[in-house]
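So for the sequence shown, the working numbering puts the first residue at 3; every next one is plus one.
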Amino acid sequence: MNAFLDSIGYGHWILHVLLVIPLLGIPAIFLVPVRNARWVALGVALVELVLGLGLWWAFDPANPGLQFVTDVPWIGGFGIGYRVGIDGISLMMVLLSVVTMPLVVWGSWSAIDQKQRGFYILLLALKTGMLGVFISLDLFLFYMFWELLLIPMYFVIGMWGSSNRLYAATKFVIYTFVGSALMLISIVWMMWTVGKATGEYSFAYTHLLANAKAMQPYGPYLFGAFALAFAVKVPLFPFHTWLPDAHTEAPTAGSVELAAILLKMGTYGFLRFAIPFFPVFALSKTTGNVMAALAVIGIVYAALVAMVQPDLKRLVAYSSVSHLGFVMLGIWGSTVESVQGAMVVMIAHGLSTGALFFMIGMLYERRHTRKIADFGGLARVAPMLATAFAITTFASIGLPGLNGFIGEFLVLIGSFTRYPWLVAVAATAVVFSACYMLWSTQRVFFNRFTNPLNEGIGDLNVRELAVLVPLILGMFWMGLYPGPILRRTEGAVRRYVEMVSPSLPPSDSTRSSFGAQP
């Protein structure tokens, strides 16, 4: 496979093609009848999937640096260029994006019955924005893609969501925009500060990173602005309140994209920008304790709130806050184990929580309700759906052998040396998550069948099976054989840890180095 990809120059054009293909699909949707818009979107998504999967083989795990790099001047007078590339961290986010895209389109097949052309155009625009965030190596370009995502997601929630959709969409935009505006100011300030120090004014990521010392006098403010933008997107407690509303009101496609990809943009931002640019302040004892504490509070608080939710979709939304808290804890653990664990949790959450939102959407299409009390005993009439939901529940709570276990385990053992008491508290959330997920699964599928309205609910059809089976196979693959993913992320993660470790407080630096041993 590698020889074939090399023969066609795959590495020279793949990132550009992945960005452009969804944009080419937009005018194609305008040219076909409305009823065929979804077929165009699906075709575009499948082409993206086939081409994007080649990155799995073309990427060199032995190279910890950036690969497939392109650096072309764009607006030269302002130091702005078309600069793209990936390492092992961004590779997994790009692959997760291209894998979920056809599933999201196919999962929306029967749920969207109005304004179909506009819906699928927005999905394609959303996909370009997501990919752009993960491959950008120019901070102006990164910010452009980051903000681009606001528009399609606002309309996806606001036009095709549930009854309170406008409130949820507006809240999502306000939260995200406030943080993003401060980040833009910080990006310009960084470019200007480094430019004065070096004589080269550029938004290039590698240039700013190489001259990060020039920005350290302004570290607290600049890190704070980046951290706010990324914390809102994660979302980190207490900036999480937009997420349950957005998830609950969004259509299934919007909820899956939020869970699988958009939330990861926040944690990716911390790994790629906020901490590497300002490690001295970001990893100081005070900042580290605050960020790790907020992560653990989010883990436990969200788990407890999820336990009392009457709405199944809102329950899963709060579970996302809890899972992403583990990612944040792993990032601030600052060992190879903890950061790799954070990466695995990000991928695992995309698969399992995405599958849960798909299945909740399937239930909603049948019964037009998400209230747990309206169901009960559905395993009797929908055994395949019950089986898929139970497997995904076990994956979500971290059952060994499924994808949720290995990531949380690595986060806990990798972060223990730096935050032993916080790790002990976070471990309790594993019990809480089992409580709310198993209890909700029991009430929906395995309690007594008492509501006659559920009699004709029907089991999974072929299309729904085609959406869920790849996700469930991915859960088993990651749980039983995570090695291929860990190998592809290890080089970049180890390079990241080696870069930030000197900025850890002395005692933590010693522990981090010990924890990072293979």
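We put the CB at the ideal spot given by N, CA and C, even for glycine.
Residue i versus residue j: straight-line alpha-carbon distance, rounded
| i | j | result |
| --- | --- | --- |
| Glu50 | Val42 | 12 Å |
| Arg450 | Met439 | 18 Å |
| Met501 | Thr250 | 40 Å |
| Phe516 | Thr419 | With a pLDDT of 39 at Phe516, under the threshold of 50, the predicted position of this residue should be treated as unreliable, though the coordinate-derived value follows. Whole-angstrom Cα-Cα distance: 9 Å. |
| Val298 | Val427 | 7 Å |
| Met185 | Phe411 | 33 Å |
| Leu532 | Phe70 | The question about residue 532 has no answer, for the chain in this structure spans 3 to 520. |
| Ser9 | Met3 | 10 Å |
| Met361 | Phe391 | 7 Å |
| Gly335 | Gly406 | 19 Å |
| Thr346 | Gly409 | In the sequence on display, residue 346 carries Val and not Thr. Approximately 5 Å, taken between the alpha carbons. |
| Val464 | Thr208 | 47 Å |
| Asn213 | Val292 | 27 Å |
| Leu296 | Phe142 | 29 Å |
| Leu17 | Pro472 | 24 Å |
| Val22 | Ala127 | 10 Å |
| Ser165 | Ile159 | 10 Å |
| Gly476 | Leu482 | 10 Å |
| Ile91 | Pro240 | 26 Å |
| Ile399 | Leu470 | 18 Å |
| Val74 | Thr195 | 23 Å |
| Ile82 | Val100 | 27 Å |
| Asp140 | Phe80 | 12 Å |
| Pro484 | Asp313 | 33 Å |
| Leu467 | Trp191 | 50 Å |
| Gly45 | Ile459 | 30 Å |
| Ala429 | Trp423 | 10 Å |
| Phe272 | Asn453 | 47 Å |
| Leu152 | Ala261 | 15 Å |
| Trp244 | Leu93 | 28 Å |
Secondary structure of residue i, DSSP reduced to three states
| i | result |
| --- | --- |
| Thr72 | strand |
| Ile77 | strand |
| Gly373 | The question names Gly, yet the displayed sequence has Lys at residue 373. Lys373: strand per DSSP, three-state reduction. |
| Asp62 | coil |
| Asp598 | The chain is shown from 3 up to 520; residue 598 falls before or after that span and cannot be answered. |
| Glu259 | helix |
| Pro422 | helix |
| Asn213 | coil |
| Met3 | coil |
| Gly493 | helix |
| Glu457 | coil |
| His54 | Here residue 54 is Gly; the residue named in the question, His, does not match the sequence. Helix, per DSSP. |
| Gly379 | coil |
| Ala252 | coil |
Opposing strand residues paired with residue i [DSSP bridges]
| i | result |
| --- | --- |
| Lys173 | Lys173 pairs with nothing; no bridge assigned. |
| Ile88 | Gln69 |
| Ser138 | Val86 |
| Ala206 | Asp140 |
| Asp115 | None; Asp115 has no bridge partner. |
Own chain, CB closer than 6 Å to residue i, minus 5 neighbours either side, in chain order
| i | result |
| --- | --- |
| Pro504 | none |
| Arg316 | Pro246, Thr250 |
| His325 | His351 |
| Tyr156 | Ala171, Val175 |
| Ala305 | Ser324, Ala431, Phe434, Ser435 |
| Pro66 | Gly493, Ala494, Arg497 |
| Thr72 | Val86 |
| Gln311 | Leu317 |
| Phe279 | Ala214 |
Residues near residue i by beta carbon distance below 8 Å, same chain, minus five either side
| i | result |
| --- | --- |
| Phe448 | Gly379, Ala381, Ala388 |
| Arg40 | Val107, Ser110, Trp111, Ile114, Gln118, Tyr122 |
| Gly163 | Ala170, Ala171, Glu251, Ala252, Pro253, Gly256 |
| Gly416 | Gly332, Gly335, Thr337, Val338, Glu339, Ser340, Val341, Gln342, Gly343, Gly517 |
| Tyr145 | Ser182, Met185, Leu186, Ile189 |
| Leu455 | Arg369, Asp376 |
| Thr443 | Phe391, Ala392, Thr395 |
| Lys373 | Pro312, Asp313, Leu314 |
Contacting residues, own chain, Cβ-Cβ under 7 Å from residue i (five flanking each side not counted)
| i | result |
| --- | --- |
| Ala276 | Phe225, Phe228, Ala229, Phe232, Ala284 |
| Leu7 | Gly56, Trp59, Ala60 |
| Leu168 | Gly160 |
| Tyr303 | Phe239 |
| Val36 | Gln118, Arg119 |
| Glu530 | The displayed coordinates of the chain run from 3 to 520. Any statement about residue 530 would go beyond what the structure contains. |
| Thr289 | Phe283 |
| Thr130 | Leu21, Pro24, Leu25 |
Distance cut-off 7 Å: residue i Cβ against heavy atoms of the ligand NAP
| i | result |
| --- | --- |
| Cys437 | This structure simply doesn't include the ligand NAP, nor any ligand for that matter. |
Item to check | At least 3 beta-carbon pairs within less than 8 Å: the region 387-401 vs the region 344-363 | outcome: yes
Next on the checklist: Count Cβ pairs between the region 180-195 and the region 254-266 that sit closer than 8 Å; are there 3 or more?
Outcome noted: no
Checklist entry - With a cut-off of 8 Å, do at least 3 Cβ pairs link the region 228-244 to the region 259-271? => result yes
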